[in-house]
Structures are given as structure tokens and as C-alpha cells.
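Just so you know, the sequences run in chain order A and B.
FYI, the numbering used here numbers position 10 of the first sequence as 132, with every residue one higher than the one before it.
FYI, the numbering used here numbers position 188 of the second sequence as 212, with every residue one higher than the one before it.
All C-beta atoms, glycine included, are put in the ideal place defined by N, C-alpha and C.
Quick caveat: nothing in here was measured; it's all calculated off a predicted structure.
Encoded as C-alpha cells, the structure appears first; notes follow it.
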Amino acid sequence: MFIKEKLMEKFLFIIREDLNVLKDYTEEARQRGMVEMSRWVETLAESWSYVGGEPLAITGRYVNKEEVVSDGPFIEAKEGVSGYIVIEAENLDAAASFAQTCPLVLRGTMAIEVRPMLGPCPV
Amino acid sequence: MDTIQQEVDLLYKSHFGKMVSTLLYFSRDIDLDSAEDLVQDAFSAALTAWRKDGLPSNPAGWIFTVCKNKALNKIKEGKRFKNLFQEETTPARDPATPPSDPAMRPSAFDDYQLRLLFACAHPHLSPKVQVVITLKYVVNLKVEAIAKILAMTVDGIDKLLIRARQKIKEEKILFEEANTEALKPRLPVVHKIIYLIFNEGYKTSWGKELIREELCEEALLLDRALLNSKIGNQETAALYALMLFNAARFKARFGPSGDLLDLEEQDRGLWDPELIRLACHYLEQSRGGPASSYHYEAAIAYLHCTAESFAQTQWAAISRLYHQLLQLHPNPFVELNYAIALYYAGHKVPAFETLDNLLKHPFLSQYYLLNAALGKLHFLEGNGETAKKYWEKTLCQTNSPLEQDFIHKMIRRLK
Chain A
123 MFIKEKLMEK FLFIIREDLN VLKDYTEEAR QRGMVEMSRW VETLAESWSY VGGEPLAITG
183 RYVNKEEVVS DGPFIEAKEG VSGYIVIEAE NLDAAASFAQ TCPLVLRGTM AIEVRPMLGP
243 CPV
Chain B
25 MDTIQQEVDL LYKSHFGKMV STLLYFSRDI DLDSAEDLVQ DAFSAALTAW RKDGLPSNPA
85 GWIFTVCKNK ALNKIKEGKR FKNLFQEETT PARDPATPPS DPAMRPSAFD DYQLRLLFAC
145 AHPHLSPKVQ VVITLKYVVN LKVEAIAKIL AMTVDGIDKL LIRARQKIKE EKILFEEANT
205 EALKPRLPVV HKIIYLIFNE GYKTSWGKEL IREELCEEAL LLDRALLNSK IGNQETAALY
265 ALMLFNAARF KARFGPSGDL LDLEEQDRGL WDPELIRLAC HYLEQSRGGP ASSYHYEAAI
325 AYLHCTAESF AQTQWAAISR LYHQLLQLHP NPFVELNYAI ALYYAGHKVP AFETLDNLLK
385 HPFLSQYYLL NAALGKLHFL EGNGETAKKY WEKTLCQTNS PLEQDFIHKM IRRLK
């Protein structure tokens with residue numbers, strides 16, 4: 123018989139960094155950044171809060187009714203989206219508190235936008 | 025160092041935190057920093073007075089009376105004060121008389137420390153931040169020590185504390201007579217805090233530093249206080265068992281020159297049989313209710329601690345326990361341990377499949393333990409070149425000199 127804690131909500135961390143800076147990273151610098159994030163993700167997992175996440179490439183496509191624009195970054199590069207993480211937390215404040223502990227956020231080179239994931243609509 | 029100094033030091037170590045918590049409970053108008061200062065001053069006063077007059081019959085009570093008197097004086101500097109202090113009209117109570125106040129009996133202190141611990145388990149804070157604030161106000165570590173333990177900057181810890189302190193200050197738990205029922209919903213959160221504190225103390229990256237062992241001891245003491253109170257439950261017991269099993273192996277984890285030893289290399293004769301026996305007792309006590317993650321981890325630790333040798337370990341049973349734990353709480357970092365257990369249980373194909381899947385995960389691919397494990401298992405399979413590749417990757421993924429030395433040691437074995 124399992125004991126499942128009361129239903130936790132899921133939250134999306136939209137990771138925002140200066141994409142112009144990231145663009146110029148050496149392979150070594152990129153790896154160091156990933157090692158640091160990996161350590162932080164481990165602390166999320168340690169409290170059984172980590173669901174998933176990935177870094178994103180710097181460039182891609184922007185699609186709307188009018189056009190498909192290539193290259194980029196498109197929206198303000200200083201806080202461009204560089205990755206995402208999904209966690210489980212009790213509530214939005216707790217989720218934001220998680221985000222606050224990221225070493226890159228504390229250093230000032232990263233911001234995290236925390237958005238509750240809505241889940242299925244009630245029947 | 026004279027005996028009075030020693031007495032005061034011992035008392036400080038065991039009672040400082042509890043006295044701070046008690047002061048906070050007695051008066052709403054004292055903030056956390058002031059409470060710490062007051063208790064600090066009282067200890068200094070004790071040292072001076074006792075050197076002159078000798079040790080009193082109830083040293084803790086003596087110090088606490090002085091604390092309360094100082095607090096009262098501080099409060100009288102223009103603030104309103106609450107019930108119990110209103111009874112004291114004369115600040116200069118003779119500290120030598122044994123206290124009639126039942127709140128100054130030793131066991132009462134534990135209650136207030138637990139109360140503060142539950143206050144730190146605030147639902148608007150993440151577990152990591154709850155740990156930081158607990159380390160500061162319940163374990164009474166300095167910010168520099170907390171930063172070192174968590175591998176963060178002092179600035180970072182300060183930032184986390186500022187926001188968290190605001191939340192805790194407003195907590196009714198600290199000031200009101202909270203009943204057990206009101207506290208129960210926070211118990212799982214409190215368990216997590218204790219578990220995470222123990223984990224920090226158990227990490228090997230910094231080596232044999234004393235503070236690590238002290239952290240583990242603190243976690244054990246907090247859990248034991250929970251068990252002794254009316255609030256603890258079977259999960260509390262499972263957590264206690266888990267921590268005891270791990271604590272039993274403390275002395276074996278480092279070699280004579282302080283080098284890191286993995287499970288296979290450890291001298292099992294150095295494992296503490298008393299702690300293992302005690303852990304088994306609590307594991308028994310934890311049965312009968314629903315299984316929590318602590319139950320699974322304790323059961324796995326039990327199988328390790330009771331195995332005659334690395335080779336004779338019941339790896340199949342351990343892998344089954346990990347499998348069930350992962351059903352309850354999916355976690356790629358625990359999946360790594362599952363894969364390792366599968367390998368030693370003889371299920372090599374699923375073991376390597378799991379590990380290769382983990383490598384595809386961008387965060388896990390940079391995880392030093394995953395690469396170290398792949399190195400070891402490929403080494404055991406006779407794939408020297410592959411093993412070396414993974415070990416060299418591992419070297420880039422850890423800053424700990426101890427861990428790096430360990431990997432270098434493994435690489436040397438290839439020759």
C-alpha cells in the first residue's frame with residue numbers, strides 16, 4: 123500500500139538568460155553551466171520535486187499567421203528563454219521559493235518565470 | 025581550559041537553540057536576532073558569575089532565568105508584553121533559587137525547539153529554504169557555515185533568509201498553544217527537512233569535517249525529539265531507522281589518510297553494530313502503516329547494513345525496493361541507484377539500458393555520479409577504454425578534491 127502525499131501541483135519554470143551571452147559561450151563554459159544546473163536539479167529531486175526539464179537551443183523559428191521567421195532570438199534577447207524545468211510543489215509560493223535557490227538566479231545571470239500548470243479541466 | 029568553561033561550553037552546545045526558541049515562545053515582541061543576543065549575553069554572564077561563585081544546582085535554569093530577566097528589561101523599554109512575563113514584576117529574581125516555573129525543566133525546552141522547527145516548515149517555502157532557515161534558527165549555525173555546507177555564497181543564503189524570516193515571524197505556531205492536531209499536517213514537511221539536513225551531513229564531498237557529523241547528529245536528535253513527543257508517527261520511526269543505518273557506516277567511509285572509499289571498499293568491521301541494532305528496532309517500530317519513501321530507503325539501508333560482504337548483499341531484493349520506490353516517487357537520480365542494484369543482481373541488460381536512458385537526459389548526462397557509475401560498471405565488464413572515457417568525464421563534473429582523487433585512483437586501476 124502506498125502513501126501518496128496530498129496532490130501536488132505542477133509548475134513550469136521558464137528559464138530566462140541573456141541569449142547574446144550564451145551565444146558566445148565556449149563548449150567548456152556551456153558544460154560548466156550544465157554541471158551547475160545538474161547539481162541544482164539534483165537538489166530539486168532530493169525533495170522529490172523534480173519532474174523533468176531540458177535546455178533549449180538559442181535559435182529556432184518564430185511562427186505566426188503572417189510568417190515563419192528564422193534565426194533570432196526574437197523577443198528581447200536579454201531575457202530569452204534558454205530552457206524549462208517542471209516541478210511539483212505545494213503552491214505557487216513554494217514553487218517560487220524553489221526557483222529562488224538556483225545558484226545562477228542568486229548570482230543574477232538567470233531569471234526564472236514560474237507558471238502553474240493548469241492540468242485537466244474539471245468535468 | 026577550566027572546568028567552568030567546559031561546563032558552559034557543553035551547556036551552550038546542548039541548550040543554546042532551545043533557549044532561543046523558548047524565549048521566542050514567551051514573548052511575541054522579541055525577534056529572532058534579539059533572542060539570540062539575549063541568550064548569548066546570558067551565557068557570558070554565567071561564565072563570569074560561576075567562576076566567582078561556582079556552578080549552581082540547575083545551571084540551565086540559572087541561565088534561562090537571566091535570559092528572561094534580560095528579555096523583560098528589553099521589553100519594558102516601551103513595548104507591550106504577553107501573559108507569562110506579566111507575572112514577573114521584579115526583574116531581579118535571585119538566579120540561585122531553583123526555578124518553580126515548570127517551563128524551565130529540561131524536557132520543556134525540547135517542546136519549544138520542536139515548535140520552532142514546525143514553524144520553519146512553512147508551506148510557502150521550498151524544502152531547501154526550509155532547511156536554510158532551520159539550520160539558522162533551530163540548529164543555530166552561522167550563515168557562513170550554512171553557505172559552506174550547501175555550497176552557496178553567503179550573499180545567496182542571506183537573500184534566502186530575508187524572505188523566509190518574514191514568513192516565520194508571522195507564524196502563530198511560535199506564540200500560541202498549538203495542539204498536536206494543528207501541527208500534524210506539517211509533519212511530512214518536517215520529516216523532509218530533517219532528511220535533507222541529514223543528507224547534507226552525509227555527503228562526502230567535503231570529507232571528514234566535523235560539522236558534517238554534527239549535522240547528522242542534529243538531524244537524529246530532532247527526529248528523536250519528534251518520536252518522544254506525541255506528534256511522531258511510523259514515518260518518523262522509518263526516517264530514524266534510515267538515518268541510524270547510514271550513521272552506522274560513518275567511520276568506514278574514509279580511509280586512514282582521509283581518502284574516499286566506496287561501499288565495496290569499506291571495512292565492514294568499522295560499521296557500528298549498536299547503531300545497526302538500534303536502527304533495526306526502529307525499522308520494526310515503523311511497520312504497520314502505509315509505506316513512505318523513508319520506509320523503502322530504510323529497508324534498502326537495512327539490507328546493506330546486514331550483509332556480510334558486498335558480494336553477499338541481497339541485490340535482487342534491493343533492486344525490487346528501488347523499483348517500488350520509483351513507482352511512488354519517480355526520480356532519475358534514484359533510478360541510477362536502481363540501475364546499479366540491477367547490475368549487481370545480475371540483470372546486466374536492464375541495468376545498462378536504464379543507465380543509457382539516463383544519459384540521454386540533458387541534466388543527468390552531466391551528473392558526476394552517473395558517469396562515475398558507468399565508469400565502474402564498464403570497468404567490471406572489462407571495457408577499459410569506455411570506463412576511462414566515463415571517468416575522465418566525471419573529473420570535469422566535480423570540484424571536490426576527494427572525489428577527484430577517488431576517480432584518479434580508479435583510473436590507475438586500469439593499468
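key: Interface partners of N355/B on chain A, CB under 8 Å   = A167, W170, Y172
key: P151/B vs I217/B beta-carbon contact at 9 Å   = yes
task = Select from the region 182–213 of chain A all residues with a C-beta closer than 8 Å to any C-beta belonging to chain B, and list them in chain order.
result = A211, E212, N213
Close Cβ partners of G230/A (< 8 Å) along its chain, the five nearest in sequence each way excluded = none
request  = Determine the closest residue to E241/B out of I28/B, A411/B, I221/B, L352/B, with distance taken between C-alpha atoms.
outcome  = I221/B
Continuous alpha helix (DSSP H) stretch holding V150/A: start and end = A small correction: the amino acid at residue 150/A is Glu; Val does not occupy that position in the sequence shown. Here the alpha helix (DSSP H) through E150/A covers 149–168.
inquiry  = Determine, for S310/B, whether the minimum Cβ-Cβ distance to residues of chain A falls below 9 Å.
reply    = Any Cβ of chain A closer than 9 Å to the Cβ of S310/B would place that residue at the interface, and such an atom is absent.
inquiry  = DSSP three-state label for Y219/B, please.
reply    = helix
N-terminal and C-terminal residue of the alpha helix (DSSP H) that A325/B is part of = 317–329 is the extent of the alpha helix (DSSP H) around A325/B.
inquiry  = Residues in the same chain with beta-carbon distance under 6 Å from A217/A, minus the five sequence neighbours each way, listed in chain order, please.
reply    = F133, A211, V236
ask   = Exposed or buried, which one is T260/B when buried takes at least 16 other CB atoms within 10 Å?
value = Classification of T260/B: buried, given that the 10 Å Cβ count is 16 or more.
request  = Measure from the alpha carbon of C91/B to the alpha carbon of each residue in D77/B, T46/B, S81/B, then state which is nearest.
outcome  = T46/B
query = Is the Cβ-Cβ distance between Y326/B and A396/B less than 9 Å?
reply = no
request  = Give a yes or no on whether the minimum CB-CB distance between H347/B and chain A is below 9 Å.
outcome  = no
task = Please state whether DSSP places K132/A in a helix, a strand or coil.
result = strand
task = Quick one: using the 10 Å Cβ neighbour count with 16 as the cut-off for buried, is E427/B buried or exposed?
result = buried
Endpoints, beta strand (DSSP E) assigned at E188/A = Counting along the chain, no beta strand (DSSP E) covers E188/A, and no H or E run does either.
inquiry  = Along the chain, where does the beta strand (DSSP E) containing R436/B start, and where does it finish?
reply    = It is not in any beta strand (DSSP E) - R436/B instead sits in the alpha helix (DSSP H) that spans 425–437.
query = Using DSSP with H/G/I as helix, E/B as strand and the rest coil, what is G180/B?
reply = helix
message = Quick check: what's the CA-CA separation for H347/B versus K200/A?
response = 43 Å
ask   = Going along chain B in order, which residues have a C-beta closer than 8 Å to the C-beta of D215/A?
value = P147, H148, L149
inquiry  = Using 9 Å as the threshold, is the C-beta distance between M434/B and K400/B below it?
reply    = yes
Distance CB(L251/B)-CB(Y136/B) smaller than 9 Å = Going by C-beta atoms, L251/B is not nearer than 9 Å to Y136/B.
request  = Would you check if the distance between the CB atom of V208/A and the CB atom of G182/A is smaller than 9 Å?
outcome  = no
key: Entirely enclosed alpha helix (DSSP H) segments - the region 326–397 of chain B, minimum 4 residues   = The alpha helix (DSSP H) runs lying completely inside the region 326–397 of chain B and spanning 4 residues or more are 339–352, 356–368, 372–383, given in chain order.
query = Taking all protein chains shown into account, do 16 or more other C-beta atoms lie within 10 angstroms of the C-beta of R210/B, making it buried, or fewer, making it exposed?
reply = buried
inquiry  = I need the straight-line Cα distance from H39/B to R236/B, nearest angstrom please.
reply    = The alpha-carbon atoms of H39/B and R236/B are separated by roughly 20 Å.
key: Cα-Cα separation, H385/B to I324/B   = 26 Å
Presumed contact (8 Å Cβ cut-off) between L366/B and V358/B, rounded CB distance = About 13 Å; that fails the 8 Å criterion.
query = chain B partners of T223/A, CB-CB under 7 Å?
reply = Within 7 Å Cβ-Cβ: S150, K152, V153, L184.
ask   = With 16 as the cutoff for other CB atoms within 10 Å, does Q390/B come out buried or exposed?
value = Under this definition Q390/B is a buried residue.
request  = Could you check what DSSP says for M171/A in three-state terms: helix, strand or coil?
outcome  = Checking the sequence shown, residue 171/A turns out to be Ser, not Met. DSSP places S171/A in coil when its eight states are reduced to three.
query = For chain B, is any of its Cβ atoms less than 9 Å away from the one on R237/A?
reply = no
task = Quick one: give me the first and last residue of the beta strand (DSSP E) that V163/B is part of.
result = That residue, V163/B, is in no beta strand (DSSP E); it is neither H nor E in DSSP.
key: 9 Å Cβ cutoff met for I192/B and L56/B   = yes
request  = Report all residues from its chain with a CB closer than 6 Å to the CB of K417/B; omit the five preceding and five following residues, and keep chain order.
outcome  = N395
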